[in-house]
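A.B. asks: This is the structure, below, for whatever I ask next.
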């Protein structure tokens, strides 16, 4: 959060179970009932909304709102587990999903969501800083 001094956040006991987080202006509320790892993941998505979304997008039946949701979610995914993070894992011989989850304090389902979003955006692999990153299964090679 130090990167975003204009934002404030707090954990909320009264949020509906199906609502993990919400941002209003520069205030983020995170559902207190989530695991710490899930809170971190949701916080990144809400910061993504702050940086990429204008106005109220709660009506997800509107295609523009759905697209804004995807953009914010993808921003959060890539903030939490960037290509540079994946190369850091390669350099440290962190090779399995379990090791990656432990290193970045993420749930396996969140890592899988991030990798799927990379596949959706880039296809099965991407070249980054002299490495080939394959997403499914996750594999990194120096090229």
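Residue numbers (this note's numbering): 4 to 146. Ideal placement from N, C-alpha and C gives every residue a C-beta, glycine not left out. Predicted model only: the values in this text are computed from it and were never measured.
(1) Pair every Cβ in the stretch 15-27 with every Cβ in the stretch 36-46, then say whether three or more of these pairs are closer than 8 Å.
(2) Measuring CB to CB, does residue 136 end up less than 8 Å from residue 86?
(3) Among the candidates 37, 35 and 79, whose CA atom is the shortest distance from the CA of residue 55?
(4) The beta strand (DSSP E) that contains residue 97, what's its start and end?
(5) For residue 27, count neighbouring Cβ atoms within 10 angstroms of its own Cβ and tell me buried if that reaches 16, exposed if not.
(6) Smallest Cα separation from residue 13: which of 138, 7 and 34?
(7) Tell me whether residue 98 is buried or exposed, calling it buried when 16 or more other Cβ atoms sit within 10 Å of its Cβ.
(8) Beta-carbon within less than 7 Å of residue 18's beta-carbon, same chain only, minus the 5 sequence neighbours each way: which residues are those?
(9) Going by other Cβ atoms of all chains shown within 10 Å of its Cβ, with 16 needed for buried, is residue 51 buried or exposed?
C.D. replies: Put simply:
(1) Contact between the stretch 15-27 and the stretch 36-46 is present, because at least three Cβ pairs lie under 8 Å.
(2) If you number the chain shown from 1, residue 136 lands on position 133. If you number the chain shown from 1, residue 86 lands on position 83. Their beta carbons are under 8 Å apart, which means residue 136 touches residue 86 by this criterion.
(3) Here residue 55 refers to the residue found at position 52 when the chain shown is read from its first residue. Residue 79 is the option with its Cα nearest to residue 55.
(4) Numbered from its first residue, the chain shown carries residue 97 at position 94. Element bounds for residue 97: n/a, residue is neither H nor E.
(5) The count along the chain shown starts at 1 and reaches residue 27 at position 24. Flag for residue 27 reads exposed.
(6) Taking the chain shown and counting its residues from 1, one reaches residue 13 at position 10. Among 138, 7 and 34, the Cα nearest to that of residue 13 is on 34.
(7) If you number the chain shown from 1, residue 98 lands on position 95. Under this definition residue 98 is an exposed residue.
(8) As a position in the chain shown, residue 18 is number 15, starting the count at 1. 32 and 34, listed in sequence order.
(9) Here residue 51 corresponds to residue number 48 of the chain shown, with the count starting at 1. With 16 or more Cβ atoms within 10 Å of its Cβ, residue 51 is classed as buried.
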